[in-house]
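In mature numbering (1 follows the signal peptide of the UniProt record, and there is no 0), the protein residues as written are -18 to -1, 1 to 155.
Here it is, written out as structure tokens:
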């Protein structure tokens, strides 16, 4: 009986540790578009709106290096926290977050709400800044992020600084 209880406890433990993240980890861009049902599109759009709402609730929160709370966020900490609030696990830093999902070619595909947008804002060649897309059209992407000088704000790729440093979009939903 003790062995049965022990096995049951082990089984429950491993089941509880199962990932619930719907993130795709492949960077392949399929040549044929995957067809989503209307229901799947609605769920994805709803999830994107929930993530954007969670990010918007933090507008005005100050920047704090390594921060993941309302006491202060860094850029990747904000993404980590808002995605985690919807049971989606992201890595903790922006470079590792840029390895998650499917890289979108902005010349061929339109950015969508909920996509992650990445920047190289330092002299190194490595991605070091991230935000979440809240609006996109042909010539502009608006995104929420945590800037070192202003905290959590909405910015645009039309701003010269972000236009110059923009490098990548990832679809994670």
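Backbone N, C-alpha and C define an ideal beta-carbon position, used for all residues, glycine too.
Backbone CA spacing between residue i and residue j [nearest angstrom]
i, j, result
"residue 98", "residue 21", "23 Å"
"residue 110", "residue 148", "11 Å"
"residue 75", "residue 65", "13 Å"
"residue 39", "residue 67", "12 Å"
"residue 29", "residue 141", "27 Å"
"residue 131", "residue 19", "42 Å"
"residue 43", "residue 105", "27 Å"
"residue -10", "residue 79", "Confidence at residue -10 is low in this model, with a pLDDT of 43, below 50, so the placement of that residue should be treated as unreliable; the coordinate-derived value is given next. Near 34 Å, if we compare the C-alpha coordinates of residue 79 and residue -10."
"residue -2", "residue 69", "Caution applies to residue -2, whose pLDDT of 35 falls short of 50 and renders its modelled position unreliable; the model cannot decide the point."
"residue 88", "residue 151", "7 Å"
"residue 59", "residue 25", "25 Å"
"residue 120", "residue 50", "32 Å"
"residue 129", "residue 102", "13 Å"
"residue 41", "residue 90", "31 Å"
"residue 145", "residue 57", "17 Å"
Of the listed residues the options, nearest to residue i (C-alpha basis)
i, options, result
"residue 83", "147, 118, 100", "100"
"residue 113", "34, 106, 18, 19", "34"
"residue 95", "86, 103, 78", "86"
"residue 135", "24, 53, 45", "45"
"residue 107", "145, 77, 53, 31", "77"
"residue 55", "122, 115, 72, 37", "37"
"residue 126", "72, 23, 61", "61"
"residue 92", "72, 71, 118", "118"
"residue 27", "71, 81, 116, 133", "116"
C-beta atoms of residue i and residue j nearer than 8 Å
i, j, result
"residue 122", "residue 138", "yes"
For a minimum of 3 consecutive residues, which ranges assigned as the beta strand (DSSP E) are wholly contained in the region 96 to 128? Listed in chain order, they are 98 to 101, 111 to 119.
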